[in-house]
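Trainee: In terms of our numbering, the sequence shown has 56 at position 47, counting the first letter as 1, and numbering is strictly consecutive.
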Amino acid sequence: MLRSKPSLLDDIGIVVADEFHLMQDPSRGPTLEILLSRIRHSSPRVQILALSATVGNAQELSEWLEADLVTSNWRPIALYSGTLTGLE
10 MLRSKPSLLD
20 DIGIVVADEF
30 HLMQDPSRGP
40 TLEILLSRIR
50 HSSPRVQILA
60 LSATVGNAQE
70 LSEWLEADLV
80 TSNWRPIALY
90 SGTLTGLE
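(1) Would the stretch 49-62 and the stretch 13-30 be scored as touching if the rule is three or more Cβ pairs under 8 Å?
(2) For A76, which option in I43, T94 and A59 has the closest C-alpha, if you only look at C-alpha atoms?
(3) Between which two residues does the beta strand (DSSP E) harbouring A26 extend?
(4) Measuring CB to CB, does A26 end up less than 9 Å from L45?
(5) Determine the direct distance from the alpha carbon of G91 to that of D34, and round the result to whole angstroms.
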């Protein structure tokens with residue numbers, strides 16, 4: 010969309026990149042990186058909100074985005090782990 014109509018960025022205030030850990034995926038990561046780089050270069054006023062529950066290098070990515078890193082351990086439900094034995 011942005012390739013055919015770059016003026017769309019004029020009407021965008023924030024871009025939400027969910028599943029941001031896909032930046033590390035060999036097939037999808039480069040596409041996401043190019044898209045976000047283009048947005049940052051073409052329209053620096055656009056905010057980028059990157060969301061991920063599993064990203065391993067959050068500090069590095071926040072530095073690349075020149076953004077504040079916000080982390081939380083809050084979960085909507087508790088996680089339990091255990092082992093069931095003796096089931097037939």
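Note that the Cβ used here is the ideal one computed from N, Cα and C, for glycine as well.
Mentor: Checking against the coordinates, here is how it stands:
(1) Result yes; three or more Cβ-Cβ pairs closer than 8 Å.
(2) Of the listed residues, the one whose Cα sits closest to A76 is A59.
(3) Taken as a continuous stretch (DSSP letters only), the beta strand (DSSP E) holding A26 covers I23 to A26.
(4) In contact: A26 and L45 (Cβ atoms closer than 9 Å).
(5) C-alpha separation (whole angstroms): 31 Å.
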